[in-house]
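Reviewing the structure listed below.
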Amino acid sequence: MIKILPSVESFLARQHGLLIGGQWQPAASAATFATLNPATGTELAHVAEGDAADVDRAVAAAQAAFPAWAAVLPAQCERLLHRYADLIETHREELAQLESLDNGKPFNVAYNVEVNVALGQLRFYAGMPTRLKGETYPVSSPGYHVYTRREPLGVCGAITPWNYSTVMAMQKIGPALACGNTLVLKPAEQTPLTALRLGELALEAGIPPGVLNVVTGFGHTAGAALARHPHLRKIGFTGSTEVGRAIVRSSAENLAHVSLELGGKSALIIFDDADLDAAAETALWAIFANSGQNCVAGSRLFVQQTVYDNFLSTLVGRAQALRVGPGMQPDTDLGPLISQAQQRRVQGYIERGLDEGARLLTGGATAPSADGYFVPPTIFEHVADTATIAREEIFGPVLAVFPFSDEDEVIARANAVPFGLAAGVWTNQLARAHRVAAQLHAGVVWVNTYDWFDPAVPFGGRGASGHGRELGMQVAELYTELKGIWIKV
Ligand code: NAP
Ligand code: MG
Numbered sequence: 332m333i334k335i336l337p338s339v340e341s342f343l344a345r346q347h348g349l350l351i352g353g354q355w356q357p358a359a360s361a362a363t364f365a366t367l368n369p370a371t372g373t374e375l376a377h378v379a380e381g382d383a384a385d386v387d388r389a390v391a392a393a394q395a396a397f398p399a400w401a402a403v404l405p406a407q408c409e410r411l412l413h414r415y416a417d418l419i420e421t422h423r424e425e426l427a428q429l430e431s432l433d434n435g436k437p438f439n440v441a442y443n444v445e446v447n448v449a450l451g452q453l454r455f456y457a458g459m460p461t462r463l464k465g466e467t468y469p470v471s472s473p474g475y476h477v478y479t480r481r482e483p484l485g486v487c488g489a490i491t492p493w494n495y496s497t498v499m500a501m502q503k504i505g506p507a508l509a510c511g512n513t514l515v516l517k518p519a520e521q522t523p524l525t526a527l528r529l530g531e532l533a534l535e536a537g538i539p540p541g542v543l544n545v546v547t548g549f550g551h552t553a554g555a556a557l558a559r560h561p562h563l564r565k566i567g568f569t570g571s572t573e574v575g576r577a578i579v580r581s582s583a584e585n586l587a588h589v590s591l592e593l594g595g596k597s598a599l600i601i602f603d604d605a606d607l608d609a610a611a612e613t614a615l616w617a618i619f620a621n622s623g624q625n626c627v628a629g630s631r632l633f634v635q636q637t638v639y640d641n642f643l644s645t646l647v648g649r650a651q652a653l654r655v656g657p658g659m660q661p662d663t664d665l666g667p668l669i670s671q672a673q674q675r676r677v678q679g680y681i682e683r684g685l686d687e688g689a690r691l692l693t694g695g696a697t698a699p700s701a702d703g704y705f706v707p708p709t710i711f712e713h714v715a716d717t718a719t720i721a722r723e724e725i726f727g728p729v730l731a732v733f734p735f736s737d738e739d740e741v742i743a744r745a746n747a748v749p750f751g752l753a754a755g756v757w758t759n760q761l762a763r764a765h766r767v768a769a770q771l772h773a774g775v776v777w778v779n780t781y782d783w784f785d786p787a788v789p790f791g792g793r794g795a796s797g798h799g800r801e802l803g804m805q806v807a808e809l810y811t812e813l814k815g816i817w818i819k820v
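Per the numbering used here, the very first residue in the sequence shown carries number 332; after that it's consecutive.
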């Protein structure tokens with residue numbers, strides 16, 4: 332096992348409060364809850380259980396901090412955000428250990444992917460304040476000079492999931508603050524720890540009190556209170572489609588801007604002219620990375636009939652070689668699922684797959700266990716396009732594989748789900764790559780690769796996968812408003 336850093340030990344031992352107006356405060360109700368280590372099922376730390384009263388206080392603190400934060404000069408805002416990034420860089424190992432312990436993912440993934448991606452994003456957002464600009468317009472009335480200003484919205488809310496909690500938090504903290512807003516963040520109940528540490532580091536970096544507030548707690552209490560808060564100007568939500576719908580309903584009352592990064596059931600398509608060995612390795616990680624708890628997981632794999640048998644036997648062989656274990660064990664490929672509830676949910680899908688006639692090639696349900704929520708890499712074939720495991724997001728290490736014969740057929744089948752988050756295409760025919768990529772219903776299509784991100788590239792979904800684009804300079808659309816100004820000259 333990787334040795335736990337003394338700083339992580341002492342962080343875990345603390346009684347964590349809510350970060351409101353730069354102060355660590357207990358919940359008004361004084362309630363707390365435990366976050367568990369999913370590799371063992373034991374308590375890792377205790378955090379405050381915020382609810383509506385605490386959300387009120389946090390929104391008030393964010394409102395109070397807003398005018399001064401919005402007035403910070405762009406270069407100074409950039410300096411503060413870079414100082415924040417420097418601190419995250421200094422504490423990279425500690426954050427990665429906290430994430431590995433709280434979420435269960437392998438430490439090297441937490442370090443190299445999770446924390447590094449969050450850091451890369453913050454560096455990118457730190458460059459935004461001096462680049463946010465308006466435009467001038469050639470209006471058709473004589474004697475006018477017309478321009479737009481890009482202005483912050485005010486108090487924003489962020490509600491984030493547990494699967495990549497550090498990245499998901501930063502994907503909202505970064506642009507909200509860079510655009511001059513203040514923020515109240517409600518992290519997932521299962522993984523509150525890195526959000527608390529990110530709040531602490533923001534204060535240490537000199538970001539003024541109240542600019543970033545963190546309210547840990549449950550979705551149906553703290554999350555719902557935040558989403559419907561009358562003073563909220565924007566809610567950035569990442570999570571399930573079902574809760575996304577509830578967020579939209581709340582916005583009917585406060586008319587907050589809404590952006591939604593929701594679930595997926597992404598198709599990865601392998602044509603017989605592709606580099607099949609590389610494609611198999613990519614297909615393996617497209618589904619099993621983060622134990623399948625990945626919004627862009629390539630959970631539907633379409634393989635051209637002509638190469639189907641060989642491709643599948645390579646893939647199954649590689650899946651069987653993956654090591655399942657605690658995230659803090661150095662040779663672990665797949666950590667546990669986040670919780671016993673998630674383990675049961677995924678096992679339910681595996682049983683449903685069998686009931687509906689699919690053929691299990693490897694993995695399958697294991698006995699539910701209170702001391703570590705593991706599920707082995709699982710692959711099904713002979714899955715009907717209409718089967719539950721072919722249509723619903725499982726959010727676990729469960730792959731459905733389908734043979735196909737031609738391009739038009741596979742595009743139609745790939746598009747036949749309500750989700751539209753990501754897709755992948757493997758082919759060595761240039762024209763086919765462009766043709767298929769253009770026709771897939773998805774916010775991102777990867778060709779001869781999968782699951783790549785960059786802070787400069789916009790990301791988001793369509794349909795049941797949500798709307799709005801995070802990342803890239805386009806994220807300014809989500810966190811600012813344009814004001815048109817007419818000057819009679
Ligand atoms: P979830 O159950 O929807 O929870 C997400 C967040 O919403 C959590 O903080 C949760 O709080 C909160 N929440 C729950 N009920 C709420 C309510 N009524 N009002 C306000 N907030 C509420 O999703 P999850 O199980 O954590 O995460 C998995 C889902 O996230 C998957 O569908 C996955 O595809 C999606 N996801 C999407 C992306 C993307 O970029 N598109 C990225 C990652 C994950 P509690 O946890 O405290 O209940
Ligand atoms: Mg936990």
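By construction, the Cβ of each residue, glycine as well, lies at the ideal position given by its N, Cα and C atoms. This structure is a prediction, so every number in the text was calculated from the model and none was measured.
**OP:** Would you kindly check if the distance between the Cβ of L685 and the Cβ of F642 is under 8 Å?
**Re:** no
Original post:
Is A489 near ligand 1, judged by its Cβ being under 7 Å from some heavy atom?
Top reply: The answer is no for A489.
**OP:** Compute the minimum distance between the beta carbon of W616 and the heavy atoms of ligand 1, and state whether it is under 7 Å.
**Re:** no
Original post:
Is the stretch 751-769 touching the stretch 643-651 in the sense that three or more CB pairs, one from each, lie closer than 8 Å?
Top reply: With a cut-off of 8 Å on Cβ pairs, the stretch 643-651 is not in contact with the stretch 751-769, counting fewer than three such pairs.
**OP:** Report whether the distance from the Cβ of Y495 to the nearest heavy atom of ligand 1 is below 7 Å.
**Re:** yes
**OP:** Quick one: grab the DSSP three-state call for G791.
**Re:** coil
Original post:
If you measure from the CB of A365, is any heavy atom of ligand 1 nearer than 7 Å?
Top reply: No, ligand 1 has no heavy atom inside 7 Å of this Cβ.
**OP:** Name the two residues that bound the continuous beta strand (DSSP E) containing Y478.
**Re:** Boundaries of the beta strand (DSSP E) around Y478: Y475 to P483.
Original post:
Out of curiosity, what's the CA-to-CA distance linking R480 and G353?
Top reply: Distance from the CA of R480 to the CA of G353, rounded to the nearest whole angstrom, comes to 30 Å.
**OP:** Within the same chain, show all residues whose beta-carbon is closer than 6 Å to that of S431, passing over the 5 residues directly before and after it, in chain order.
**Re:** F438, A441, G658 and M659
**OP:** Would you mind stating whether V732 and F711 have Cβ atoms separated by less than 8 Å?
**Re:** yes
**OP:** For N779, I'd like the list of residues in its chain whose CB is within less than 6 Å of its CB, leaving aside the five on either flank, ordered along the chain.
**Re:** W757, listed in sequence order.
Subject >> Under the three-state DSSP convention, the category S830 falls into >> reply: Absent from the model: residue 830. The displayed extent of the chain is 332 to 820, so no value can be given.
Subject >> Other residues of its chain near D385: CB distance less than 6 Å, five sequence neighbours each side excluded >> reply: L349, A358, A359 and V546
Original post:
Per the contact definition of three or more C-beta pairs closer than 8 Å, is the stretch 803-814 in contact with the stretch 460-475?
Top reply: yes
Original post:
What is the residue span of the alpha helix (DSSP H) that W400 lies within?
Top reply: A383 to A401
**OP:** Determine the direct distance from the alpha carbon of D640 to that of V806, and round the result to whole angstroms.
**Re:** 43 Å
Original post:
If you draw a straight line from the alpha carbon of S622 to that of V446, how long is it in whole angstroms?
Top reply: 18 Å
**OP:** Specify whether the stretch 549-569 and the stretch 525-535 touch according to this definition: at least 3 beta carbon pairs, one from each stretch, less than 8 Å apart.
**Re:** no
Original post:
Counting only runs that start and end within the stretch 624-673, where is the beta strand (DSSP E) found for 3 or more residues in a row?
Top reply: 631-635
Original post:
Using a threshold of 7 Å, is the CB atom of A519 nearer than that to any non-hydrogen atom of ligand 1?
Top reply: yes
**OP:** Might you give, ordered along the chain, the residues of its own chain that have their beta carbon closer than 6 Å to the beta carbon of A689, omitting 5 neighbours on each side?
**Re:** Within the same chain, A689 has close Cβ partners F711, H713 and V714.
Original post:
In terms of residues, what are the limits of the beta strand (DSSP E) holding W783?
Top reply: For W783, there is no enclosing beta strand (DSSP E), as DSSP marks it with neither H nor E.
Original post:
Can you find a heavy atom of ligand 1 that lies under 7 Å from the Cβ of F549?
Top reply: Checking every heavy atom of ligand 1 against the Cβ of F549, one is found closer than 7 Å.
**OP:** Determine the direct distance from the alpha carbon of T663 to that of L615, and round the result to whole angstroms.
**Re:** 15 Å
**OP:** Taking F602 as part of the beta strand (DSSP E), name the residues at either end of that continuous run.
**Re:** Looking at the DSSP string, F602 is not in any beta strand (DSSP E), and its letter there is neither H nor E.
Subject >> Pairwise C-alpha distance: K436 and P661 >> reply: Rounded to whole angstroms, P661 to K436 spans 11 Å at the Cα level.
Original post:
Should I578 be counted as a contact of ligand 1 given a C-beta to heavy atom distance under 7 Å?
Top reply: yes
**OP:** Kindly list the residues whose CB is nearer than 6 Å to the CB of R454, restricted to its own chain and excluding five residues on each side of it in sequence; keep chain order.
**Re:** A416
**OP:** Would you list the one or two residues that DSSP bridges to F438?
**Re:** Paired residues: none, contrary to the question.
Subject >> Q407 in three-state terms, based on DSSP >> reply: Three-state result, Q407: helix.
**OP:** Have a look at Y495, E723 and K565 and flag the residue whose alpha-carbon is nearest the alpha-carbon of P506.
**Re:** K565
**OP:** Could you check which residue in L752, G703 and V486 has the C-alpha nearest to that of V776?
**Re:** L752
Subject >> Same chain, Cβ closer than 8 Å to E612, five either side skipped, listed in chain order >> reply: R649
Subject >> Which of helix, strand or coil DSSP assigns to V748 >> reply: coil
Original post:
Cα separation between F602 and I818?
Top reply: 58 Å
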